[in-house]
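Q:
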Amino acid sequence: MSSKTLILGFTGLACLAGAGLLRQNSPPPQEPVMAIQQAWRAHQSPLSEALSESETARPAPSSSPLPSASATASATPVPSGSPSASPSPTPSPAPAGSASPTPFPAASTPQELHQKAIVVDTHVETPFLISEKNVRLRSNSGQVSLDKLREGGVDVVFFSIYVNPYKYKDQPRSQAEKIIGLLRKEIDANADLIELATSHADIQRIVAAGKIAGLMGMEGADPIGESLNNIDHFYKLGVRYLGPTWSTHTLMGDSSGPPKPRWNGLSKFGKMAVERMNQLGMLIDVSHLSDAAFKDVLTLSKQPVIASHSAVDGVRNHARNFSDDMLKLLALNGGVTGIVFYGPFLDASGKADLKRVVDHIDHAVKVGGIDHVGLGSDFDGLDLPPPTGLEDARRFPAITAELKARGYSNADVYKILGANFMRVFAQVLKD
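Just so it is clear: in the sequence shown, position 243 is 364 by our numbering, and no numbers are missing.
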């Protein structure tokens, strides 16, 4: 039985042949990608641009009590960040519907652990480059390509279907359809390395075959308009998560971007959309939502939700990041936060490094529990340099090494790298 069989078996997956050792080559300069993303931001409104640059902080956290997340939060303090830090928190009880204890394979080094792990990245923006700059998925010089994903040991990746609401305000649905078509064409052209997945069973099959499982998630509901039929339409096209907002309000609800709310949370249509996504088996992405809209989703959803690419207030106070109360609510829901790699969300300086990313992981684990933290890079969507040490998808093994240096157990590292998201996929992305 191969090393990944045990992890795949934890979520009902089949045997997977072991991957080769990962190279740690230095990445190429990222200036071309940053230039593209900076041009992309030129289509934003002055308000959105100001938020990107000034990084408006949220008000001080409310002292109002919330239900305790002690059932999922770690019992001991999170490692402080130094190699000599105390061991990682005692693993929390497994959420309902998961097996316990988790049968993770043994590994004697960080390299071996990463090789055996199922690594999940829930947010990359490569489809934007495919649609706007005609790049190729296999040879993209940016932060994500098939070769870079393989070198980084990434097994499952969500490609963002994002339509700029300013540039395509009159045709968001058709532009989303165009992006989906182009991405599918790229995936089909590289069927030896990647396949499109639309269910947990697909992920099982594809990863077991030694390929990358590629999924699609929609960032911002502008292509949906105010029609539930459009949710069904994009579900049929393969979209498996939907974030109601990007950095602007939509007909579904309020974003964390603009300072003044439009709906004071989710709109009536947004609440109906949550119910419809639950019925379909479509994940709800709570990244980019206002605090009130976030709480509305958590109140209404009968399924675990995800935050595909977010960070935490406890390390960097920012309107886009999650407060401790929000982390606790997400844990009570059974969901998972994918920690983002975007400098302004990670540090007040706008610059970050590998250690700062793991600082956010530490805090999310401390507050919400080890079962509710994952990775969501936002690679190819960064208009500023990525964190030092995480320059592109080849560098994912550095996260594993840093987590081990901080004293995390192998089981906890497996969870952060992907097992937590795999649990949610098994619960929501049904056949």
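For each residue, glycine too, the CB sits at the ideal point set by N, CA and C.
In three-state terms, what does DSSP make of Ser429?
A: Ser429 falls in the strand class under three-state DSSP.
Q: Using C-beta distances below 7 Å, list every residue in its chain close to Gly402, excluding the 5 sequence neighbours before and after it, in chain order.
A: Cβ neighbours of Gly402 beyond the five flanking positions: Val549, Leu550 and Lys551.
Q: Tell me the DSSP secondary structure of Arg85 in three-state form.
A: Residue 85 lies beyond the range of the chain shown here (122 to 552); nothing can be said about it.
Q: Take Ser184 and list the residues in its own chain whose beta-carbon comes closer than 6 Å to its own, dropping the five residues that flank it on each side.
A: Low per-residue confidence applies at Ser184: pLDDT is 37, beneath 50, and the placement is therefore not dependable, though the value from the model is reported in the following sentence. Taken in chain order, the list of residues that qualify is empty.
Q: For Met337, which beta-bridge partners are listed by DSSP?
A: Answer is Phe280 and Val360.
Q: Compute the Euclidean distance between the alpha carbons of Ala522 and Gly435, then round it to the nearest angstrom.
A: Looking at the two C-alpha atoms, the distance is approximately 23 Å.
Q: Alpha carbon to alpha carbon, how far is Ala413 from Ile405?
A: If I take the Cα positions, the gap works out to 15 Å.
Q: Does the Cβ-Cβ distance between Thr467 and Arg515 come in under 7 Å?
A: Note that residue 467 is Leu in the sequence shown, not Thr. Against a cut-off of 7 Å, the Cβ pair of Arg515 and Leu467 comes out as no contact.
Q: How long is the line joining the alpha carbons of Gln232 and Lys525, rounded to whole angstroms?
A: The straight-line gap from Cα to Cα measures roughly 10 Å.
Q: CB-CB under 6 Å to Ala334, same chain, minus the five flanking residues each way: which ones, in chain order?
A: Val277, Ala318, Ile324, Ile327 and Val328.
Q: My output table needs one value for Ser408: the three-state DSSP class, helix, strand or coil.
A: DSSP places Ser408 in coil when its eight states are reduced to three.
Q: How would you label Tyr463, buried or exposed, when you count the other beta carbons within 10 angstroms and need 16 or more for buried?
A: Answer is buried; the Cβ neighbour count reaches 16.
Q: Let me check understanding here. Comparing Cα to Cα, which of Arg477, Gly510, His481 and Gly539 lies closest to Asp492?
A: Nearest C-alpha to Asp492: Gly539.
Q: From this set, Ala547, Glu298, His439 and Gly495, which residue's C-alpha is nearest Leu358's C-alpha?
A: The residue with the shortest Cα to Cα distance from Leu358 is Glu298.
Q: Determine the direct distance from the alpha carbon of Gly386 to that of Asp417, and round the result to whole angstroms.
A: Cα to Cα, the separation comes out at about 6 Å.
Q: Do you know how far the Cα of Asn541 is from the Cα of Asp483?
A: Cα to Cα, the separation comes out at about 15 Å.
Q: Compute the Euclidean distance between the alpha carbons of Ser166 and Lys536, then round it to the nearest angstrom.
A: For Ser166, the pLDDT reaches just 39, beneath the cut-off of 50, and the residue's location in the model is therefore unreliable, although a value from the coordinates is still provided. Rounded to whole angstroms, Ser166 to Lys536 spans 38 Å at the Cα level.
Q: How far does the alpha helix (DSSP H) with Leu317 in it reach, from first residue to last?
A: Leu317 -> not in any alpha helix (DSSP H); beta strand (DSSP E) instead, spanning Ile315 to Leu317.
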